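In terms of numbering that gives the first Met the number 0, the sequence shown has 141 at position 142, counting the first letter as 1, and numbering is strictly consecutive.
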Amino acid sequence: MNQFVVGIDLKDTYAQISYWKPGAPEPESLSMTVGEERYEIPGGSPEEFLKKALRLLRPVGKLGSAAAVVFSVKHTDEETVERVKTAAMRVGILEERLYVQSDQESFCSYVMHQPKDIHSHHVAMFSYEQETLGASLLVLNQKRIPILARVEEQEDWEIPDMEELSLEERDAYFASLILRVFDQRIVSAAYLVGEGFSERWYEKSLQLLCAGRRVFAGNNLFAKGACYRAAELAGEEAPSPYLYFGDDKIPCNVGLCAVNSGRDGLEVLIPAGVNWYEAKAECEVLLCEQPIVEIVFQPLLGDASLKESILLDGLPERPPRTTRLGVEAAFTKKSACRVRIWDLGFGELYPATNLTWEEEVDV
């Protein structure tokens with residue numbers, strides 16, 4: 000680790016910070032009290048929390064100088080992502096070093112940076128916060144390279160109002176949830192997160208959990224997972240051996256039909272697995288012959304590719320390879336990509352026009 004990176008778990012009423020500084024073997028979590036594991040930092044809005052974060056991180060490094068800062072949030076809707084990014088940029092974090100991802104992806108990132116025996120099969124996570132007990136399952140397809148990872152959550156994997164139950168009833172309900180999650184699945188490890196697990200009311204359930212698998216408890220999983228991802232994004236870690244597919248990820252490669260060294264091929268602009276709200280790319284190309292640009296959407300999971308041919312209506316006639324075009328692809332939502340093309344001409348010989356073509360494609 001040569002550069003300082005930060006992961007932040009941001010919730011409605013608190014946040015947690017993990018950081019990885021040069022020379023450290025792994026990320027460390029920031030405690031409110033020296034020598035104690037008090038990771039939850041109270042706060043309200045992202046702005047209020049970041050003011051505290053600047054002060055708390057001062058002995059470690061300046062937040063604005065971090066090579067990458069990754070925020071982990073419960074929901075990555077467009078409004079939440081924009082609110083977090085706006086607050087972060089106000090305290091000096093550069094936009095190009097700033098990322099927002101879901102708690103599910105942070106869970107995946109944390110697990111996949113643990114020893115291989117932890118994620119040799121699926122991995123479960125049980126959370127108990129604000130009177131609700133819930134479960135998630137990291138499902139791994141080990142037969143593909145890279146490993147395909149997704150987090151499964153089901154409606155019946157949630158038990159609200161746990162505080163209204165007796166300790167024995169809680170244990171029984173938790174045991175029933177474990178059986179539902181593990182049903183006909185091979186699970187190599189389980190994680191318990193949340194303040195609800197701080198008291199040992201789940202003795203029978205723990206016996207079920209520990210039968211043939213490793214079990215871990217802790218409350219800084221999302222912040223550390225975000226920190227591992229920050230290290231990857233800053234180029235401090237080797238490329239991930241897995242590809243995470245969540246609800247906020249685009250499911251296909253987006254590319255241009257192109258001729259390279261005399262052969263037809265696909266020039267990938269946006270790879271599958273990118274957050275849709277960060278999925279944007281731009282390039283310049285030379286038009287071969289016909290005034291048509293072909294954009295290809297190539298699903299990673301086996302469906303047929305979609306090819307969209309965009310006619311450059313009104314483009315002046317020019318000899319082959321004397322028209323330079325700008326091409327931009329950007330997702331406006333997970334299932335829609337806007338493609339914009341504009342004429343750059345070819346030097347003084349063929350001056351650029353003001354012509355622009357734009358199309359939105361349903362993928």
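Every residue, glycine too, gets a C-beta built ideally from N, C-alpha and C.
Bear in mind that the values here come from a model prediction, so they are computed numbers and not experimental data.
Residues of its chain near residue i, where Cβ-Cβ distance is below 6 Å and the 5 sequence neighbours each way are ignored
i, result
"LEU299", "ALA271"
"VAL360", "GLU307 and CYS336"
"ASN274", "ASP247"
"SER135", "MET124, VAL150 and GLU152"
"ALA280", "LEU268, ILE269 and ALA328"
"ALA65", "PHE3, VAL4 and VAL5"
"LEU255", "GLU266"
"GLN297", "CYS251, ASN252 and SER304"
"THR331", "ARG337"
Environment of residue i [buried if 16+ CB atoms lie within 10 Å]
i, result
"ALA229", "buried"
"PRO26", "buried"
"ALA23", "exposed"
"ALA210", "exposed"
"ASP74", "Here the sequence assigns His to residue 74, which means Asp is not the residue at that position. Per the 10 Å Cβ criterion, exposed."
"ILE294", "buried"
"ILE144", "exposed"
"ARG179", "exposed"
"CYS287", "exposed"
"ASN219", "buried"
"ARG169", "buried"
"GLY42", "buried"
"GLY264", "exposed"
"ASP11", "exposed"
"GLN206", "exposed"
"GLN183", "exposed"
"TYR116", "According to the sequence provided, residue 116 is Asp. The question's Tyr does not apply to it. Flag for ASP116 reads exposed."
Whole-number beta carbon distance between residue j and residue i, since they are thought to touch under 8 Å
i, j, result
"ALA222", "ILE16", "6 Å"
"GLU154", "TYR243", "The pair is not a contact, with the Cβ atoms about 22 Å apart (cut-off 8 Å)."
"SER108", "GLY224", "4 Å"
"ALA87", "PHE48", "Actually they are not in contact, since the Cβ atoms of ALA87 and PHE48 sit about 10 Å apart, beyond 8 Å."
"ILE177", "LEU208", "6 Å"
"VAL258", "ALA328", "Incorrect: roughly 19 Å between the Cβ atoms, too far for contact."
"ALA233", "ALA67", "4 Å"
"GLU162", "GLU198", "Their Cβ separation, rounded to whole angstroms, is 12 Å, which puts GLU162 and GLU198 out of contact at 8 Å."
"ALA278", "ILE249", "5 Å"
"VAL5", "LEU62", "6 Å"
"MET111", "SER204", "That pair is no contact at about 26 Å."
"LEU137", "HIS121", "6 Å"
Close-in-space but distant-in-sequence residues of the same chain around residue i (CB under 7 Å, 5 per side omitted)
i, result
"ARG323", "GLU283, LEU285, LEU343, GLY344 and PHE345"
"SER126", "GLY133, VAL192 and GLY193"
"GLN113", "none"
"GLU77", "TYR276"
"GLU374", "The requested residue 374 is not part of the displayed model; the chain covers only 0 to 362."
"GLY217", "VAL192"
"TYR156", "Note on residue identity: the sequence assigns Trp, not Tyr, to residue 156. Excluding positions up to five away in sequence, the list reads GLY133, ALA134, LEU176, ARG179 and VAL180."
"GLU231", "SER239"
Start-to-end residues for the beta strand (DSSP E) that takes in residue i
i, result
"SER17", "13 to 19"
"GLY325", "323 to 332"
"LEU93", "Premise fails: LEU93 is in no beta strand (DSSP E) and is neither H nor E."
"PHE296", "291 to 298"
"GLU167", "Premise fails: GLU167 lies in the alpha helix (DSSP H), 166 to 181, not in any beta strand (DSSP E)."
"TYR241", "241 to 243"
"LEU137", "131 to 140"
"ILE146", "146 to 151"
"TYR127", "121 to 128"
"ALA188", "186 to 192"
"ALA67", "67 to 72"
"TRP356", "355 to 361"
"ILE7", "4 to 9"
"SER308", "305 to 310"
Residues near residue i in its chain [Cβ-Cβ closer than 8 Å; skip 5 each side]
i, result
"PHE215", "ALA188, ALA189, TYR190 and LEU191"
"ARG212", "VAL186, SER187, ALA188 and ALA189"
"SER175", "none"
"LEU9", "PRO45, PHE48, PHE70, SER71, VAL72 and VAL83"
"LEU164", "TYR172"
"LEU354", "LEU311, GLY313, LEU314, TRP341 and ASP342"
"GLU357", "ARG337, VAL338, ARG339 and ILE340"
"ILE441", "With the chain covering 0 to 362 only, the question about residue 441 has no answer from this structure."
Bounding residues of the alpha helix (DSSP H) (the contiguous stretch that carries residue i)
i, result
"VAL110", "102 to 111"
"ALA222", "220 to 232"
"ARG337", "Here ARG337 belongs to no alpha helix (DSSP H); instead the beta strand (DSSP E) covers 335 to 344."
"LEU208", "202 to 208"
"LYS51", "45 to 55"
Within-8 Å CB hit, residue i to chain D
i, result
"ARG339", "In summary, chain D is missing from the structure at hand, where a single protein chain is found."
Cβ-heavy atom distance, residue i to the ligand FMN, below 7 Å
i, result
"GLY133", "Ligands in the displayed structure: none, and consequently the ligand FMN is not present."
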